Amino acid sequence: MPPGYNSSQKAAISQVMNFTSADRNTAIRHLKNAGWDAEAACNAYFASGGGSDVSSAGKSALNKLFDGFRDDANEPDAVGANGSMTYFEKLGVNPEGLELLAVLEIIQAPTLGEMTREGFVAGWLSVHGDTLDKQKAHIKSLKQTLPSNKGAFTKVYKYTFQLGKASNQKAVPLEVALTFWELLFSSPLSAVKWTSPSSPWLTWWSEFLNTHWKKSVNRDMWNETLKFAQLTLEDEALSFWNEESSWPSVIDDFVEYVKKEKRGGGEDTDAMVE
1 MPPGYNSSQK
11 AAISQVMNFT
21 SADRNTAIRH
31 LKNAGWDAEA
41 ACNAYFASGG
51 GSDVSSAGKS
61 ALNKLFDGFR
71 DDANEPDAVG
81 ANGSMTYFEK
91 LGVNPEGLEL
101 LAVLEIIQAP
111 TLGEMTREGF
121 VAGWLSVHGD
131 TLDKQKAHIK
141 SLKQTLPSNK
151 GAFTKVYKYT
161 FQLGKASNQK
171 AVPLEVALTF
181 WELLFSSPLS
191 AVKWTSPSSP
201 WLTWWSEFLN
211 THWKKSVNRD
221 MWNETLKFAQ
231 LTLEDEALSF
241 WNEESSWPSV
251 IDDFVEYVKK
261 EKRGGGEDTD
271 AMVE
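Shown next as C-alpha cells:
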C-alpha cells in the first residue's frame, strides 16, 4: 500500500510532475530529497540530467506558443501591445497587479507592451514553464510565495525600473515611478509593504516627491529607495540614518522632511513612534 501524503505534499507532487514531466515516483524521490520544496526538487531533477531530452522539445513548444501571439508579420521575434495583452489574458494575469511585473521580469520584457522571442523562450525555460498550463502553475506558486520572499520581490522591484523608462532614457519619469511604487509597496503580493500604524511611509514619500522633488528617478535612487523602505520598517525612529551616510540626497531631504513636517521638528522621535 503506498504511503499517505498530506494535501501540501500531494500538491507538490503534482507541481513537480507538471513542471518536469517526470513520473510520480521520480517526483516523490526528488521532493523527499529536497524536503518537499517543489522548486528545489524541480531544480535538482534538471540538474541531475533529468529532462535533458525534453529541453529541445520545450524550446520548440515555447517558440510555437510565442508565434501564436505575434501581431506583426514584419516582426518575427517580437510581440507588440495587442499580442502581449492577449497573452496575459490567457495566462490569467491581472494587468494591474504585481504578478504582471513578476511575469515581465521572468521573460525580461523590454517594455510593458512588448515581448521578445529570446526573453520569452529563455525565461520560461529557466522555470520549466514550456506550456501555458505550466506557466499558470508557476504564477500561482509565485503569488503564494512572493509576499514572504524578499529575494524574489527584489528581483521584480529592480527589473521594474527597466519597464518604466523609455528605451533611450536613463531615468524614469516621476509620475511613472510613483505609480510603480504604489503597486510595489502596497500590493497584497508585496514582500515590502511600506507603511505602519504610526508611519504611512509610502504616502509621505509620494507627498514629498510631488512637492519637493519633481524630478525624474534614476536607477540609483530607485534601488536605494527599496533599501531605505526596508530599513524604515525595521527602525521607524530612523536611527540608522545620519548625515554621514551615503544615501542619495533626495533620501536625506526626505528624512529631514519627515522629522520636521511629520514629527514635529525631529525631537523625541523615538517616543513618537513607540
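Count the sequence shown with full-length UniProt numbering and you get residues 1 to 274, in order. All C-beta atoms in this analysis are idealised placements derived from N, C-alpha and C, irrespective of residue type, glycine included. Values in this document were obtained by computation on a predicted structure and should not be read as measured data.
Original post:
Based on Cα-Cα distance, which residue from Q9, F208, A11, A122 lies nearest to residue 282?
Top reply: Nothing about residue 282 can be read from this structure; the chain reaches only from 1 to 274.
Original post:
Taking the Cβ atom as the reference point for each residue, do A171 and N218 lie within a distance shorter than 8 angstroms?
Top reply: Yes, these two residues count as a Cβ contact at 8 angstroms.
Original post:
What's the call for G35, buried or exposed, on a 16-neighbour Cβ count within 10 Å?
Top reply: G35 is exposed by the Cβ-count criterion.
Subject >> Burial state of S199, where buried means 16 or more other Cβ atoms lie within 10 Å >> reply: Flag for S199 reads buried.
Original post:
Which value, in whole angstroms, describes the spacing of the CA atoms of H128 and S187?
Top reply: Rounded to the nearest angstrom, the two C-alpha atoms are 26 angstroms apart.
**OP:** Give a yes or no on contact between the region 219-229 and the region 246-257, applying the rule of three or more CB pairs nearer than 8 angstroms.
**Re:** Result yes; three or more Cβ-Cβ pairs closer than 8 angstroms.
Original post:
How long is the line joining the alpha carbons of E243 and D253, rounded to whole angstroms?
Top reply: D253 has its alpha-carbon roughly 10 angstroms from the corresponding atom of E243.
Original post:
How is N242 classed by DSSP in three states: helix, strand or coil?
Top reply: When secondary structure is reduced to three states using DSSP, N242 falls in the coil class, being assigned neither helix nor strand.
Original post:
Nearest to L183 by alpha carbon, out of K10, F153, T232?
Top reply: For the residues K10, F153, T232, the minimum Cα distance to L183 belongs to F153.
Original post:
Should F185 and A229 be called a contact, given that it needs their Cβ atoms to be closer than 8 angstroms?
Top reply: In contact: F185 and A229 (Cβ atoms closer than 8 angstroms).
Original post:
Out of curiosity, what's the CA-to-CA distance linking A57 and N25?
Top reply: Computed Cα separation, rounded: 23 angstroms.
Original post:
Taking the C-alpha atoms as reference points, what is the distance between L31 and V192?
Top reply: The alpha-carbon atoms of L31 and V192 are separated by roughly 30 angstroms.
Original post:
Between T195 and D72, what straight-line distance do the alpha-carbon atoms span, to the nearest angstrom?
Top reply: Rounded to the nearest whole angstrom, the CA to CA distance from T195 to D72 is 44 angstroms.
Subject >> Start-to-end residues for the alpha helix (DSSP H) that takes in K32 >> reply: Unbroken alpha helix (DSSP H) run through K32: 24-33.
**OP:** Could you tell me the distance, in whole angstroms, from the CA atom of F240 to the CA atom of V103?
**Re:** Near 34 angstroms, if we compare the C-alpha coordinates of V103 and F240.
**OP:** Could you spell out the range, first to last residue, of the alpha helix (DSSP H) harbouring H138?
**Re:** Element bounds for H138: 132-145.
Subject >> Proximity below 8 angstroms, CB of W204 to CB of K262 >> reply: If you check the CB distance, W204 and K262 come in under 8 angstroms.
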